Amino acid sequence: MNIKTLNLLLLLFLSLLIIACNSNQSTINNRIVIGISADVQSFNSLFAFSYEESAIAELLYPGFLDFRWSDKKGELEPYPMIAKSWQWAEDSLSVRFFLRDDILWSDGEKLTAYDVVFSYDVFSDPEVQSRLYGIFDQLFTELDGHIDIERTFIIISPFEFEMHFPESSVPDLVKIVVPVIPEHIFKNISRDQLASHESNFNPVSSGAFKLKKWDKNQTIILEADSNSFLFNSGQTAELVFKIVPDYTSRILQIKKGDIDLLELVKVEDMNELKAEQNLEVVNLIGREYDYVGWNNVDPNEPSKPHKLFGSSNVRKALSMAINRKEILDEYLLGQGELAASPVSPIFKSAFNHNVLPYDFHPDEAKKLLILEGWKDEDRNGILEKGNEEFKFKIYYPVGNPLREYASVVIKNNLKSIGIEVTTEKMELGAFINNLYERKFDSWIAGFGVPIPLDLKPYWYTDPNVAVVNFPSYSNSEVDKILNQLETRISNERKNKLLKEFQEIIHKDEPVTFLYWTPNVIVYNTRIKNLKITPHGVLVHCWEWTIN
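Be aware that the sequence shown starts at 19, since it is given in this note's numbering, and climbs by one per residue.
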């Protein structure tokens, strides 16, 4: 080989190396790094139980409809996704879906209506115990909760199918649309082996991104799938989920630019992060609230009212005696909102603006307690009624500094009106078990508001229906409203009923609603097209671009 040939080969090699380096640098510059605190256990939507798992899984396995938050209405609205259109029957007891015929799984197979129906079959299978098991009561189901596939679905063609509903059902697409998983991958796997199968960790997906690399407890890298029906040439090339368990490290990394997006930032860090020129700070309020739970019934004899908290006047007095604004101002730096009911202000059409939080008014609280027979007759500083002194213990879970702080404020507030409170923190698992077993007299906890709004599991009388009605609250008028909400009524009537519900709850005050807690999100301003709504942050990521 002569010198000229060697020089040409060397020049070619260097050119290829430069191209490869430039390509790699281009990808690095076109990636978004999202900081998360813990690794995922599965990429399969069936078993994506945590928030991060669910967000990642639904980027890989989108549903056959898309849902977007309407700020104007304060609700989710359906949009085409895998289904390009749909048509309701006149009686609303069936809907026909027309699917796109150009959607490929990442292994090249076409996505069809058979995949959609298979997904419903698996998600509702009691042997699988998916994260959505038990939610399909709007469809025809068997005694064990499994969807009756033959009665519910008719496949007309590979890209067209009908979904049928029982006459008593009030179909809501937001509640019943599931992520679509590939039948050809999962159909031959035993249902009881699905949770641990290797396919969960090497997903064959259909979304805008596909799994590129997973370094356990380090990073999860999703890359744009150019064959996806959602792909667009301007989207970010990679989403990198960087696992950083230590909160302080996550904050340092977003300031340095090693992380581009963080959720659940502490309010005390907001001002410092706002001062960074390249960072945007968003305070999202309205999806979670904290409350003080009062057991409305005797834990040992549920047919009897609780000796302390059985009266709505007593519960109102307790709410009036707690300085919730002090907790907001001192601990949350004024970033939350006082709560008056479990219906969030984000539900604009259903929110009752006339239902206001009880003011901090210890003197009025004392008057209500006197009306209920609670007086300090023996002058020992503690109210009593007959032989019963007004004293109790409040429980709260470890690892939540806000609730620990709140417990101290509540203890001091109630002491000032003659009520003796002790506080006790408890390991989270034991705390949750005691809630479900209705063992506590009083506790501090929180709830996340479901979208769409679903109140029955929390406030209905029947414990078999209201599995998280921990205060054992019961009101026949509330039950009637919650039942009516499940019938065929207009949106106007539905919103009127929801406003009536808030008025009754406020009058009964089954718990003390404390405040809507903030979810502070911080992201690098180089990310464009990021729309943060109550629906979530890690949605529609294929629309994100890099400046």
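By construction, the Cβ of each residue, glycine as well, lies at the ideal position given by its N, Cα and C atoms. Fair warning: this is a prediction, and the values are worked out from it, not measured in the lab.
Whether residue i touches residue j by CB criterion (8 Å)
i, j, result
"residue 116", "residue 102", "yes"
"residue 112", "residue 180", "yes"
"residue 348", "residue 400", "no"
"residue 196", "residue 81", "yes"
"residue 436", "residue 396", "no"
"residue 217", "residue 238", "no"
"residue 491", "residue 528", "yes"
"residue 531", "residue 496", "no"
"residue 323", "residue 314", "yes"
"residue 10", "residue 257", "Residue numbering for the chain in the displayed model covers 19 to 565; residue 10 lies beyond these limits and cannot be assessed."
"residue 459", "residue 317", "yes"
"residue 278", "residue 545", "yes"
Contacting residues, own chain, Cβ-Cβ under 6 Å from residue i (five flanking each side not counted)
i, result
"residue 549", "none"
"residue 354", "346, 533, 534, 535 and 536"
"residue 423", "349"
"residue 130", "176"
First through last residue of the beta strand (DSSP E) which encompasses residue i
i, result
"residue 333", "No beta strand (DSSP E) contains residue 333, which is instead part of the alpha helix (DSSP H) from 330-339."
"residue 532", "529-542"
"residue 415", "409-415"
"residue 98", "93-98"
"residue 460", "460-466"
Sequence-distant residues of the same chain with beta carbon closer than 7 Å to residue i, five excluded per side
i, result
"residue 39", "Its pLDDT being 46, under 50, residue 39 is placed unreliably by the model, and the measurement read from it follows with that caveat. Contacts found: none."
"residue 292", "299"
8 Å Cβ cutoff, residue i in contact with chain D
i, result
"residue 213", "Of the protein chains in the structure, only one exists, and it is not chain D."
Euclidean distance between Cα positions of residue i and residue j
i, j, result
"residue 94", "residue 255", "28 Å"
"residue 362", "residue 474", "15 Å"
"residue 220", "residue 126", "15 Å"
"residue 143", "residue 156", "16 Å"
"residue 47", "residue 563", "11 Å"
"residue 27", "residue 49", "A caution first: residue 27 carries a pLDDT of 49, below 50, which makes its placement in the model unreliable, though a value can still be read off. Rounded to whole angstroms, residue 27 to residue 49 spans 33 Å at the Cα level."
"residue 243", "residue 198", "17 Å"
"residue 334", "residue 517", "20 Å"
"residue 190", "residue 306", "23 Å"
The alpha helix (DSSP H) enclosing residue i, as first and last residue numbers
i, result
"residue 380", "380-389"
"residue 501", "494-502"
"residue 477", "474-477"
"residue 219", "Looking at the DSSP string, residue 219 is not in any alpha helix (DSSP H), and its letter there is neither H nor E."
"residue 105", "Run containing residue 105: none in the alpha helix (DSSP H); it sits in the beta strand (DSSP E), 101-106."
"residue 266", "265-274"
"residue 81", "Segment: none, residue 81 is in no alpha helix (DSSP H) and carries neither H nor E."
"residue 524", "509-526"
"residue 421", "419-433"
Burial state of residue i, where buried means 16 or more other Cβ atoms lie within 10 Å
i, result
"residue 543", "exposed"
"residue 440", "exposed"
"residue 174", "exposed"
"residue 170", "buried"
"residue 559", "buried"
"residue 270", "exposed"
"residue 342", "buried"
"residue 501", "exposed"
"residue 267", "exposed"
"residue 454", "exposed"
"residue 391", "exposed"
"residue 555", "buried"
Sequence-distant residues of its chain with Cβ nearer than 8 Å to residue i (five each side left out)
i, result
"residue 377", "338"
"residue 288", "299, 301, 351, 353 and 538"
"residue 309", "357, 462, 463, 464, 465, 529, 530, 531 and 532"
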